[in-house]
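Report on the following structure.
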Ligand SMILES: Nc1ncnc2c1ncn2[C@@H]1O[C@H](COP(=O)(O)OP(=O)(O)OP(=O)(O)O)[C@@H](O)[C@H]1O
Ligand SMILES: [Mg+2]
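Protein chains in written order, with my numbering: chain A, -15 to 269; chain B, 207 to 453.
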């Protein structure tokens, strides 16, 4: 729609966009309010630091919190080196050949694979094939795989935002390609990479399907002490409390409480991403 | 200083440089002029092997810089680029501090900190920037004006002690005052360096250069002293171009 001198720009598109935005926000706030309101009775400091007792009708969700945190760390350890390495290879070194084109196509397609498929793949490869059992390690590897496509794509985007003039400037001084990437390209891409990393991890932290068969346990009395042990995780705990528990009505506040904690955790991760991006933006620009 | 023999360059199947033979003199300023797209930048970037990263380039012929066979795959391209520095059309300081920008080339060469400080100051002085930035060496280089940024890029280039400096339209993104400063700087630098500069501005070529190469459609049409090119060109094409009939 082109505004002309004699006609005022029609407000319709603007109102339409505004309505859409408000609607989305309305749903979001509705969900958040509902969860925190219902979960409020269960939320307390003890809820965060106690083990569940009495068939999970009492006590807290400490093992699930610790489990999710450890699982997220494990996912990071698995996904970061491969994901960032792969993105650097694709964007900085790889020529445009049929091979790199097919790698890119594969990555795009992997991003669309439903997470339950990753769960089954993890079960087949890590739990059974590599004999890692249902464990933190297997689940971390599975979630790592799940995060890779997203991580590679966002890292590549971040590397693409670094102007070629920067690379040429360094190369013209006699820097090797490796030095150029290490000293010039990566520092500039780090805010983008960090944001992408954190967002992909926070997405992985909320996943249930991939850990269903690979390591999450309904109820264990302890936090995992080594990567070969099973663990409790917040999303899985929530799923169990709201669908599989024998007295669902009784644990309902706990389910909402768990949801509130999970949302808060994910929110904190996203907040970190925002802060990192802001800090770097104001730093040298 | 630079000998170019029978140089041909192709991007894919398109020939961009056609049998170029040139001998560029040491400690002189040589200007490359010619209409847009005639291959000036391409020729310049061949001299420090900047085409290495471009896919589908084919180069034939020989280039010798200070007894180095530039085009040979055995040549250490990083050593070569330290000898043959380059200043780009758009100022491209790294998003680091002013100091870091100049120090970077020294750091990757493993200079000691004290030595680096000394060379940074010296290079900034040589590029007429020191007085303007001495109180803010650790501030981001991106806060400098365009002209200052370009002088910083020159400082960064001379910090690694090149013998040759290639400049690709170094003033085309700058205002007249900054341009004047850079031209003055080039006049100073010619004492210590061999300079090859691409320019679209004939007046600039006359002001700063000793020799001028006129290129047209990938060929060197005329190469002579700047005075000869602009006062008494021997080729019809050159005459028309320097008189501003096309380009
Ligand atoms: N990477 C590339 N791939 C294919 N063709 C290229 C590439 N770089 C340059 N060319 C072509 O080579 C020719 C010469 O380009 P070049 O940049 O050297 O011209 P120039 O004389 O510097 O022009 P200008 O004065 O506009 O900067 C042009 O026709 C251009 O389209
Ligand atoms: Mg050019």
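C-beta: ideal position from N, C-alpha, C; glycine also.
DSSP three-state assignment for residue i, whether helix, strand or coil
i	result
residue 197 of chain A	coil
residue 124 of chain A	helix
residue 268 of chain B	strand
residue 414 of chain B	helix
residue 215 of chain A	strand
residue 337 of chain B	helix
residue 434 of chain B	helix
residue 291 of chain B	strand
residue 26 of chain A	coil
residue 62 of chain A	helix
residue 144 of chain A	helix
residue 214 of chain B	strand
residue 428 of chain B	strand
residue 261 of chain B	coil
residue 318 of chain B	coil
residue 227 of chain B	strand
residue 0 of chain A	helix
residue 404 of chain B	strand
residue 44 of chain A	coil
residue 452 of chain B	coil
residue 220 of chain B	strand
residue 235 of chain B	strand
residue 37 of chain A	strand
residue 373 of chain B	strand
residue 275 of chain B	strand
residue 256 of chain B	helix
residue 399 of chain B	coil
residue 203 of chain A	coil
Cβ shell of residue i (< 8 Å), same chain only, five flanking positions each side left out
i	result
residue 408 of chain B	239, 436, 448, 450
residue 141 of chain A	176, 180
residue 208 of chain B	228, 229, 230, 253, 269, 270, 271, 370, 400, 402
residue 390 of chain B	334
residue 287 of chain B	254, 255
Closer than 7 Å: residue i CB and nearest ligand 4 heavy atom
i	result
residue 246 of chain B	Because ligand 4 does not appear in the structure shown, any question about it cannot be addressed here, the ligands present being ligand 1 and ligand 2.
Beta-carbon contacts of residue i that lie in its chain and below 7 Å, excluding the five residues immediately before and after
i	result
residue 369 of chain B	272, 289, 399, 400
residue 64 of chain A	181
residue -8 of chain A	none
residue 78 of chain A	84
residue 165 of chain A	72, 76
residue 80 of chain A	none
residue 424 of chain B	221, 222, 223, 224, 244, 245
residue 204 of chain A	47, 214, 216
residue -13 of chain A	Unreliable placement is indicated for residue -13 of chain A, whose pLDDT of 49 sits below 50; the coordinate value is still reported in the next sentence. So the list reads -7, once near-sequence residues are dropped.
residue 66 of chain A	132
Cβ-Cβ separation, residue j to residue i (assumed contact under 8 Å), whole Å
i	j	result
residue 311 of chain B	residue 157 of chain A	4 Å
residue 393 of chain B	residue 414 of chain B	7 Å
residue 305 of chain B	residue 276 of chain B	At roughly 32 Å, the Cβ-Cβ gap does not stay under 8 Å, so residue 305 of chain B and residue 276 of chain B are not in contact.
residue 95 of chain A	residue 143 of chain A	The Cβ separation is near 18 Å, so there is no contact.
residue 211 of chain A	residue 127 of chain A	In fact, because the Cβ distance is near 13 Å, the residues do not count as touching under 8 Å.
residue 59 of chain A	residue 185 of chain A	6 Å
residue 396 of chain B	residue 308 of chain B	The Cβ separation is near 21 Å, so there is no contact.
residue 199 of chain A	residue 27 of chain A	Between residue 27 of chain A and residue 199 of chain A the Cβ distance is about 27 Å, and since that is not below 8 Å, they are no contact.
residue 125 of chain A	residue 102 of chain A	No, residue 125 of chain A and residue 102 of chain A are not in contact; Cβ-Cβ is about 10 Å, not under 8 Å.
residue 420 of chain B	residue 428 of chain B	5 Å
residue 54 of chain A	residue 208 of chain A	6 Å
residue 357 of chain A	residue 239 of chain A	The requested residue 357 of chain A does not occur in the structure, where chain A is confined to residues -15 to 269.
Sequence-distant residues of the same chain with beta carbon closer than 6 Å to residue i, five excluded per side
i	result
residue 250 of chain B	372, 374, 404
residue 167 of chain A	none
residue 264 of chain B	216
residue 411 of chain B	237, 239, 405, 418
residue 154 of chain A	164, 168
residue 343 of chain B	304, 305
residue 104 of chain A	none
* Is the number of C-beta pairs between the segment 298 to 315 of chain B and the segment 115 to 131 of chain A that are closer than 8 Å three or more? -> no
* Asked: Between the segment 229 to 243 of chain A and the segment 128 to 145 of chain A, do at least 3 Cβ pairs fall closer than 8 Å?
  -> no
* Indicate whether the contact test is met: 3 or more Cβ pairs, each with one atom in the segment 241 to 253 of chain A and one in the segment 210 to 223 of chain A, closer than 8 Å. => yes
* the segment 25 to 35 of chain A touching the segment 44 to 60 of chain A, judged by at least three CB pairs closer than 8 Å -> yes
* Below 8 Å, can you find three or more Cβ-Cβ pairs linking the segment 278 to 293 of chain B to the segment 158 to 168 of chain A? -> yes
* the segment 368 to 383 of chain B / the segment 243 to 254 of chain B touching (three or more Cβ pairs under 8 Å) -> yes
* Cβ pair count under 8 Å reaching 3, the segment 84 to 103 of chain A against the segment 13 to 25 of chain A -> no
* Does the segment 354 to 362 of chain B come close enough to the segment 249 to 262 of chain A to have 3 or more Cβ pairs within less than 8 Å? -> no
* Asked: Would the segment 326 to 342 of chain B and the segment 191 to 199 of chain A be scored as touching if the rule is three or more Cβ pairs under 8 Å?
  -> no
* Segment contact flag, the segment 334 to 352 of chain B with the segment 376 to 387 of chain B, C-beta cutoff 8 Å, min 3 pairs -> yes
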